[in-house]
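S.K.: This is the structure, below, for whatever I ask next.
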Amino acid sequence: MVEIEAQKYWPFAIICAVQLLILLRLLLRQRITLQGSMSYMGFLALFGIVALFPAPTARLAHAMGFEVLANFLFCAAIMLLALLHLRALVTLSRTETRTVQLTQDLAILEERLDRALRTR
Amino acid sequence: MRLLIVIPAYNEEESLPALLDECRAASADLPCDVDVVVVDDDSTDATAAIAEAKGVRVLKLCRNLGIGGAVQAGLRLAHREAFDFAVQIDGDGQHPPHEIARLLARTKEAEVPDLVVGSRRLELRGHQTTSARLAGQAWLRFWLRLICRLRVTDPTSGFRLYGPRALHIFQDTYPYDFPEPEALAVASAVRLRVVEEPVAMRARQGGRSSISGFKSLYYMVKVTLAVALAFVRNVRRHAMVAASAAGQQLEIRQGEHKVNNG
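As given, the protein sequences belong to chains A and B, one line each in that order.
So the first sequence is numbered by the working numbering: it starts at 1 and just counts up by one.
So the second sequence is numbered by the working numbering: it starts at 1001 and just counts up by one.
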């Protein structure tokens, strides 16, 4: 049973590896930050390992009441992706708030500078 | 006494020239030094150029922040430049500047209010809003009373006067999107004294309302949630600040006690 599943999951490991390569490429081009992408890399690495060695995961899934390993993987992936999304949402909201403050400060400073230059 | 009139404006080139002329006329009758600032919320029309040509101060936001972000920029300016009061009036000409005197008169009371809200519902003078909006206002009145124990007749009015304490609070914490009812929740949570003053408003003199159609439904749901969240969040923050201030005072007293005994 476990042997059959192991054969089934190796394409999934390849997809994880490809995504990891894309992530590395983006990192090299400085399109994303290492700090921000660490959790995503961890997620891909975890699922890549699970896909390559499904037997221990199958045992864990069975112990947790999942009859089919694929169901457990979908469930775990959705949960982890939801966590990643939450983390991204927090970062985005923080950045948005800071951007608003900076926009306001910039407008105030520009106005002061304009006035100072005009009164010279 | 110094007063800053804050006019948030997004694509208000139609209504702004007349509004700024009215502001100038109204300022002459006010018993204080008055400055006018137009906060141009990254308009795509000539709003900023018109305001500059009229000789008022202009804050040009480099990206569209929405009404709340624009108002907060003006309040921030008022707070940093130590204005005693700031009045917010909409750039669409709904709020007649000559009514500012009524809001300002409330600051002469023995117990000076921190926030004076111009209400069109107290005396039912001037332009009244549509029945759908009245229903929305009724819900917000009920919700503010239930959550914040705050009784106001016109929770969506953007015609407001801010005192020094309100400026201090709102320059740091002001809701960005559909801000008026949420700002009242913040004010209530941090124990600002909020009063209402009857004013007459007009129909908008130009431009388009940002809340129409499907957005009205989104507005009601969002504001209902935002009021509750803002109240809880700011009550907690206020309690923490008060506890920290009390702790500092205790430390100072203990220090003084040691110095006196030592």
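Beta carbons: idealized from backbone N, C-alpha and C, even for Gly.
Computed from a prediction, not measured in an experiment: that's the story for all the values here.
With a threshold of 8 Å, are at least 3 pairs of Cβ atoms found where one atom belongs to the segment 1154–1161 of chain B and the other to the segment 1133–1142 of chain B?
M.R.: yes
S.K.: Give the residues of chain A in contact with Lys-1060(B), contact being defined as C-beta atoms less than 8 Å apart.
M.R.: Ala-107, Glu-110 and Glu-111
S.K.: Does Met-1001(B) pass the burial test, meaning 16 or more other C-beta atoms within 10 Å, or should it be called exposed?
M.R.: exposed
S.K.: According to DSSP, is Ser-1119(B) part of a helix, a strand, or is it coil?
M.R.: strand
S.K.: Thinking Leu-1016(B) and Gly-1069(B) are a contact (beta carbons under 8 Å), I'd like their distance in whole angstroms, please.
M.R.: With 8 Å as the limit, Leu-1016(B) and Gly-1069(B) do not qualify as a contact, their Cβ atoms being about 19 Å apart.
S.K.: Assuming Val-1034(B) and Val-1058(B) form a contact by the criterion Cβ under 8 Å, report the distance between their Cβ atoms to the nearest whole angstrom.
M.R.: That pair is no contact at about 16 Å.
S.K.: Going by Cα to Cα distance, which pick from Tyr-1010(B), Ala-1183(B) and Arg-1106(B) is closest to Val-1199(B)?
M.R.: Arg-1106(B)
S.K.: Which residues does DSSP pair with Ala-1086(B) in a beta bridge?
M.R.: Leu-1004(B) and Tyr-1162(B)
S.K.: Check this for me: beta carbons of Ala-76(A) and Gly-48(A), under 9 Å apart or not?
M.R.: no
S.K.: Report yes if the CB atom of Gly-1074(B) is closer than 9 Å to the CB atom of Gln-1094(B), and no otherwise.
M.R.: no
S.K.: Does the beta-carbon of Lys-1060(B) have 16 or more other beta-carbons within 10 angstroms, so that it is buried, or is it exposed?
M.R.: buried
S.K.: Among Arg-1063(B), Arg-1120(B) and Val-1036(B), whose alpha-carbon lies nearest the alpha-carbon of Phe-1083(B)?
M.R.: Val-1036(B)
S.K.: Based on the DSSP output, what are the partners of Arg-1057(B) in its beta bridges?
M.R.: Val-1037(B)
S.K.: May I have the straight-line CA-CA distance separating Phe-43(A) from Leu-83(A), to the nearest angstrom?
M.R.: 10 Å
S.K.: Taking Arg-87(A) and Ser-37(A) to be in contact with their CB atoms under 8 Å, please state how far apart those CB atoms are, rounded to whole angstroms.
M.R.: With a beta-carbon spacing of about 11 Å, Arg-87(A) and Ser-37(A) fall beyond the 8 Å limit used to define contacts.
S.K.: Using a Cβ-Cβ cut-off of 7 Å (strictly less than) and excluding sequence neighbours within five positions of Pro-1175(B), which residues of its own chain qualify?
M.R.: Gly-1068, Glu-1182, Ala-1183, Ala-1226 and Ala-1230, listed in sequence order.
S.K.: May I ask you to list, following chain order, the residues of the segment 1084–1109 of chain B that have a beta carbon less than 9 Å from some beta carbon of chain A?
M.R.: none
S.K.: Just by C-beta distance, which residues in the segment 1148–1170 of chain B are closer than 9 Å to chain A?
M.R.: none
S.K.: Does Thr-99(A) get closer than 9 Å to chain B when you measure Cβ to Cβ?
M.R.: It does; some Cβ of chain B falls within 9 Å.
S.K.: Mind checking Pro-1113(B): buried by the 16 CB within 10 Å criterion, or exposed?
M.R.: buried
S.K.: To the nearest angstrom, how far is it from the Cα of Arg-120(A) to the Cα of Arg-112(A)?
M.R.: 12 Å
S.K.: Please state if the CB of Leu-1104(B) and the CB of Pro-1008(B) are separated by a distance shorter than 9 Å.
M.R.: no
S.K.: Under 6 Å Cβ to Cβ from Ala-1228(B), same chain only, skipping five residues before and after it: list those, please.
M.R.: Ile-1147
S.K.: Against chain B, does Ile-4(A) count as a neighbour if the rule is that its beta carbon must be under 9 Å from one of theirs?
M.R.: Bear in mind that a pLDDT of 49 at Ile-4(A), under 50, signals an unreliable position, so the model cannot answer this.
S.K.: Relative to chain A, which residues along the segment 1061–1085 of chain B have a C-beta separation below 8 Å, given in chain order?
M.R.: Leu-1061, Cys-1062, Arg-1063, Leu-1065, Gly-1069, Gln-1072, Ala-1073, Arg-1076, Leu-1077 and Arg-1080
S.K.: At a cut-off of 8 Å, is Arg-1237(B) close to the ligand SAH when judged by its beta-carbon and the heavy atoms of the ligand?
M.R.: No copy of the ligand SAH appears in this structure; indeed no ligand is present at all.
S.K.: Which stretch, first to last residue, makes up the alpha helix (DSSP H) that contains Pro-1113(B)?
M.R.: Counting along the chain, Pro-1113(B) falls outside any alpha helix (DSSP H), and DSSP gives it neither H nor E.
S.K.: Please identify, using Cβ separations under 7 Å, the residues of the segment 1037–1057 of chain B that lie next to chain A, in order along the chain.
M.R.: Arg-1057
S.K.: Look up Pro-1017(B) in the DSSP assignment and say whether it is helix, strand or coil.
M.R.: helix
S.K.: Can you give me, in chain order, the residues of the segment 1169–1186 of chain B that have a beta carbon less than 8 Å from any beta carbon in chain A?
M.R.: Within the segment 1169–1186 of chain B, the qualifying residues are Tyr-1176.
S.K.: Using a beta-carbon distance below 9 Å, is Met-1(A) in contact with chain B?
M.R.: Confidence in Met-1(A) is poor, its pLDDT being 47 and thus under 50, which makes the residue's placement too unreliable to answer from.
S.K.: Any beta carbon from chain B within less than 9 Å of Arg-59(A)'s own beta carbon?
M.R.: no
S.K.: Around the Cβ of Ser-1268(B), are there at least 16 other Cβ atoms within 10 angstroms (buried) or fewer (exposed)?
M.R.: Since the first residue shown for chain B is 1001 and the last is 1262, residue 1268(B) is missing from the structure and cannot be characterised.
S.K.: For Thr-1044(B), I'd like the list of residues in its chain whose CB is within less than 8 Å of its CB, leaving aside the five on either flank, ordered along the chain.
M.R.: Asn-1011
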